[in-house]
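**Q** Dropping a structure here in structure tokens format, bear with me for questions.
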Amino acid sequence: MEKGKGVMVGGRRWAVDFTDYSTSPSSRDIPDPPGFSRASQDQDDSTLSRQKKDAESNWKSQKAWEVAQAPFKNLLMMGFMMWMAGSTVHLFSIGITFSALLQPISALQGVGKVFEPYKDVKVDLLGPKLLFIALNLGGLALGVWKLNTLGLLPTHASDWVSSLPPAQEVEYSGGGIPIR
Amino acid sequence: MGNGMIRFFLVLLLFLSSAEYIFSLYEDQVGLMDWHQRYVGKVKHAVFHTQKTGRKRVAVSTEENVVALLDLRHGEIIWRHVLGANDAVDAVDIALGKYVITLSSEGSILRAWSLPDGQMVWGSFLQGSNLSKSLLSLPVNLKANKGNVILVFSKGCLHAVSSIDGEVLWEKDLSAESIEVQQIIRPLGSDMIYAVGFVGSSQFDAYQINAKNGELVKHKSADFPDGFYGDLLLVSSDILVSLDATRTSLVTIDFQKGEIIFKKTHVSDIVDESFGTAVLLPSELSGMFAVRFNTLLVFIKVTIEGKLEVVDKITNAAAVSDALSFSEGQQAFALVEHVDRKILLTMKLVHDWNSDLLKESIAMDLQRGMVQKVFINTYIRTDRSQGFRALIVMEDHSLLLLQQGEIVWSREEGLASVIDVTTSELPVEKKGILVVKVEQSLFEWLKGHVLKLKGTLMLAGPEDIAAIQGMRLKSSEKSKMTRDHNGFWKLLIVLTKAGKLYALHTGDGRVVWSLLLPSLRESGSCKRPTGLSVYQWQVPHHHAMDENPSVLVVGRCRPNWDAPVALSFVDTYTGKELKSMGLIHSCAQVIPLPFTDSTEQRLHLLIDAEKHAHLYPRTSEAIGILQHEFSNIYWYSVEADNGIIRGHVLTSNCIGMVDEYCFTSRELWSIVFPSESEKIIATATRKLNEVVHTQAKAIADQDVMYKYISKNLLFVATSAPKASGEFGMAQPEESCLVVYLIDTVTGRILHRMTHHGSQGPVHAVLSENWVVYHYFNLRAHRYEMSVMEIYDQSWVDNKDVWKLVVGKHNLTSPISLYSRPAVVTKSQSYFFTHSVKAIAVTSTAKGITSKQLLIGTIGDQVLALDKRYLDPRRSLDPTQAEKEEGIIPLTDSLPIIPQSYVTHALNVEGLRGIVTLPAKLESTTLVFAYGVDIFFTRIAPSRTYDSLTEDFSYALLLLTIVALIAAIFVTWIMSERKELQEKWT
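Order-wise, the sequence lines are chains A and B.
Quick note on full-length UniProt numbering: the first sequence kicks off at 1 and runs consecutively.
Quick note on full-length UniProt numbering: the second sequence kicks off at 1 and runs consecutively.
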């Protein structure tokens, strides 16, 4: 199942930066090739990079919203499967219910990680995060509701009294037909 | 079996597999957890059948109304018939060398059983009008046109019956003469029969009857003014001996001459000293007879002139056999004496007193008591000399065969008459013992496990399988004398009619120890002692662990209910009597109280005939405990004869007696049943040691019902007096069965219900909040079983979950029955095919496991029936929620599933009671059924959900684990590789 992990695949371990942002030729050992003017390029470069950055942050925030909405699809599917499973306790329904409970919990635990690749100064991640959390909480609620319909939650009086020992009697009486 | 780890796996396994529900056993599981012992009872009479060829056998009739044929070599039962409670065997004999003839039911039924296989060949009913002594005689060579003739005197009538087909050839009614016939005599070789007996107390009559046709030839009568006492004894073919009314003179009667001649001899004339009253021994010794004076046995010979001569006086004699004729018309009899710890068996020739044919002394277990009967038989030894074997019946009812100075075999026939059963735990295992044992049999142990492994991996051949089966059946685990983890091995403490206490090991049924209770033995002050019941006296646990557990045995000296009581306290580990108290007061009831003292001795109240309560143990600590709870102790008595139930409360110490352990009681309430319409026929109470897990019962849609669980609940069934007898005595209109549920503290009738057109006998069992009872429906002509459940309404308001969560409820606070809790009952009836001999319910350690009813059927089997079938909430069309709860759709009769017989293919002949005991394992109940036979097994009403079953496949489990571990390794290696590859690309 997709959990926004695809974005993180290929996360870099190390990198060599070949881009050179320095302006003075003295800092370099090798002289500039003939016909190369550093100044003329500078301006051009900065506008280009700004544009690129804007595009990236746009893309990031878009992606973050997408990731935040992903549990919704899950939610729908879960609901369908729960309906299929019925309300009797057996292997299938228990499996579904527990996966419905565990999945949102694990997703909630990993909220930070899910949105890590979209971290950016310009991107506001609060909105997507809140949506993500809300949807997962919805999933959790669905699971709990299912648990209750299966009768596995102690919400009735019978769940609390059936483990109580019987009350003691104050009086004691013995006897019967006289033994012959 | 199960330990924690395995149990976890089992839960997993159960969870994963939805196996079908089975109670039954596989064929190879028979004998693994059950054992069955077959008995015949105390032998009344034995007839040997030892022809020169073929098996040597002995036919016996017993006090448990059993006719049986035993193998003389090992003492096994070849065949056996239990004749029913009202069909007592009066006499047994062997006819024509192929039939065992029995006369039973006070002489009204004569049956012939085929000797080799025990099939009934014929049976005849003998008519007669009045009660009399029943006599059976099989004269030799008295031929009629159809085989030999059997002479039977019963019910005032003399019958001649053909031994071939049981046809009555002729009968002579002597009831008009009002004669009490004592003997049927047929002088050898003559066709005449003499019936001799008394008319009134002082007239002797002799009838001479033609044996061919039953015609009365001659009737002689003579008066003997001193009167007679007791029986007539035939000494020789024409001389009878009896005692006179004062029991101080012996009377010889010569009846074959022209006149009846009485000859009276005062005892003191022939026996020098006077020893008190005389008793004639019924042994038939030709030309001689034996008279007992207290401990002294005097043999008296009758000379040809009719004179009496004392032959010998023997002080320690215990029993004398009948005379047995062997080679050349010689006759011998056996005399058994007790000398120290041995018994002395002497064979004597009747005509030559001074020479002993045989004199053997045999060491005898003291716990077998005195010899009561001896039967003898001859055989030819390998050196062609005459040998004798003797079958002896001991005081504890056991049967032993003696031959050549040794006990060849013995049978514990006392166990055929169990009165009461209780249990005791085995000692806790001491660590050191086990290690030594294992080391000793390490090789055996290894071999066994290799075999078992072979078996589970299906590599075993047929002989290996046989070896494994043999090993399973007699595994040393089963006979261990220490407590086991599951609580399967216990000691069953069994009290028998002979006053003997046996401890049986539940693993294999062997007798661990036995004790002939001294307080229940016949003595001067205790003429006819009877054991009544046995209670757990001390069950040590927690702080009193170092003490041995003990039981209390209550007995009485006479069968009257106001006779003084005898108490014995017996250590259940050693089988020794700790102390005994005799002849204190009478005892009508024994009430074990729910309190124990600091040494874990349970307090008991014994109610005597004057309604005084006596407290035991007699210590000041016990008094202190009782005083503390004094006002809360009540007792009730059910007077079935008067139709009254009375409730009492303890008031104060007895007045006029200096006994601080004696308390008076005051009548508090009484329930009087109208005597013209209701007679108490059955009662039932809850077992004292029953454990109830919880009061609440969750029903469909998460609702709660509260069971009315009271230890003080009494079920009473009454029936119209007319209908309390046999079937057919009352019409359906005039018989009705009324059942009551009564609170025995306040006397309040909680519920009353009438079954019109029904009658007893009622068998009932009360457990938790329900009672199940079995009765006969006259209208439907069928047996019925009803269930009645009682629920408490006073708790119903506890519905607020939050209050329950924080514990703000009154559900566990002690309650008083004077608060008169509101109750509601539900009931339902079903047809049941069988008539019932006993009914019991399973009991488990914590009371969580569902219950099964154990029904002793008329066929002497024990049937397990799920309580779910007897549920008043069953309906024709249960809703989905009810189905989920496990409610079975209503049917008009209860199903009998052949696989649910816990006795499987066995019969517990003469079944009288079923006892259930909880094992330590919650799922398991131990069941002990007793009658003439005893049977023990353990059952799991909801299967063994807390341990692995016998057929659990350990091989599969092992294989799975190995496969899983392998899979873990493989995937680990694969993932390592993949990771490395990823790093390179």
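Even for Gly, the Cβ is constructed at its ideal location relative to N, Cα and C.
#1: C736(B) and A720(B) - do their beta-carbons sit closer together than 7 Å?
#2: How close, in whole Å, do the beta carbons of L96(B) and L136(B) come, if the pair is a contact with beta carbons under 8 Å?
#3: In three-state terms, what does DSSP make of Y818(B)?
#4: Look up F936(B) in the DSSP assignment and give the residues it is bridged to.
#5: DSSP three-state label for D238(B), please.
#6: Decide if G6(A) is buried, meaning its Cβ has at least 16 other Cβ atoms within 10 Å, or exposed.
#7: Identify, in the order they occur along the chain, each residue of the same chain with its Cβ nearer than 6 Å to the Cβ of H774(B), setting aside the five sequence neighbours on each side.
#8: Around the C-beta of residue 988(B), are 16 or more other C-beta atoms found within 10 angstroms, so that it is buried, or is it exposed?
#9: Considering only C-alpha positions, which residue in the set L110(B), N377(B), S819(B) and A723(B) is nearest to L778(B)?
#10: Would you identify the three-state DSSP class for V438(B), choosing helix, strand or coil?
#11: Identify whether G156(B) lies in helix, strand or coil by the three-state DSSP scheme.
#12: Any chance the region 141 to 152 of chain A sits against the region 84 to 101 of chain A, with 3 or more Cβ pairs inside 8 Å?
#13: May I ask you to report which of helix, strand or coil DSSP gives residue 992(B)?
#14: Look up M481(B) in the DSSP assignment and say whether it is helix, strand or coil.
#15: Taking Cβ to Cβ, would you say A323(B) is nearer than 7 Å to S286(B)?
#16: How about Q981(B): is its C-beta nearer than 7 Å to some C-beta of chain A?
#17: Could you check the C-alpha separation between R13(A) and W984(B) for me, to the nearest Å?
#18: For residue 1056(B), return the contacting residues in chain A, with the cut-off set at a CB-CB distance below 8 Å.
#19: Can the beta-carbon of V374(B) be found closer than 7 Å to that of A363(B)?
#20: Please determine, among F72(A), G138(A), D124(A) and I179(A), the residue with the shortest C-alpha to C-alpha distance to W59(A).
#21: Could you tell me whether the Cβ of E116(A) comes closer than 7 Å to any Cβ of chain B?
#22: Just verifying my parser: in three-state terms, what is the DSSP assignment at V512(B)?
#23: Please confirm if L164(A) has its CB atom under 7 Å from at least one CB of chain B.
#24: Should A696(B) be flagged as near chain A, meaning a C-beta pair shorter than 7 Å?
#25: Using a 10 Å radius around the Cβ and a threshold of 16 neighbouring Cβ atoms, would you call W35(B) buried or exposed?
#26: List, in chain order, every chain B residue whose beta-carbon is nearer than 9 Å to that of D155(A).
#27: Is it true that the CB of S827(B) sits closer than 7 Å to the CB of P872(B)?
#28: Just to check my reading of the structure: residue 999(B) and G575(B) have Cβ atoms closer than 8 Å, yes? What is that Cβ distance to the nearest angstrom?
#29: Any beta carbon from chain B within less than 7 Å of S99(A)'s own beta carbon?
#30: Decide if I392(B) is buried, meaning its Cβ has at least 16 other Cβ atoms within 10 Å, or exposed.
#31: Would you mind listing the beta strand (DSSP E) stretches within the region 256 to 288 of chain B that are 3+ residues and don't spill past its ends, in chain order?
#32: Using a Cβ cut-off of 8 Å, which residues of the region 738 to 759 of chain B contact any Cβ in chain A, in chain order?
#33: Please state whether the Cβ-Cβ distance between A609(B) and S158(A) is less than 7 Å.
#34: Spell out whether any CB of chain B is found under 7 Å from the CB atom of A85(A).
#35: Between S893(B), D892(B) and D877(B), which has its C-alpha nearest G886(B)'s C-alpha?
#36: Spell out the partners DSSP gives S637(B) in its beta bridges.
**A** For this structure:
#1: yes
#2: About 15 Å separates the two Cβ atoms, so there is no contact after all.
#3: helix
#4: W35(B) and F928(B)
#5: coil
#6: In this predicted model, G6(A) has a pLDDT of only 44, less than 50, meaning its place in the structure is not dependable; the value taken from the coordinates is given anyway. Looking at its Cβ environment, which holds fewer than 16 other Cβ atoms inside 10 Å, G6(A) is exposed.
#7: H763, M785 and V836
#8: With chain B running from 1 to 985 in the structure shown, residue 988(B) is simply not present.
#9: A723(B)
#10: Because the pLDDT of V438(B) is 48, which lies under 50, any placement of that residue in the model is unreliable, and the question is left without a value.
#11: coil
#12: yes
#13: With chain B running from 1 to 985 in the structure shown, residue 992(B) is simply not present.
#14: coil
#15: yes
#16: no
#17: 14 Å
#18: This structure leaves residue 1056(B) out entirely; chain B is present only between 1 and 985.
#19: no
#20: D124(A)
#21: no
#22: strand
#23: yes
#24: yes
#25: buried
#26: The question names Asp, yet the displayed sequence has Thr at residue 155(A). Q702 and V801, listed in chain order.
#27: yes
#28: Nothing about residue 999(B) can be reported from this structure: the residues present for chain B run from 1 to 985 only.
#29: no
#30: buried
#31: 261 to 266
#32: T744 and V745
#33: no
#34: no
#35: D877(B)
#36: G176(A) and R646(B)
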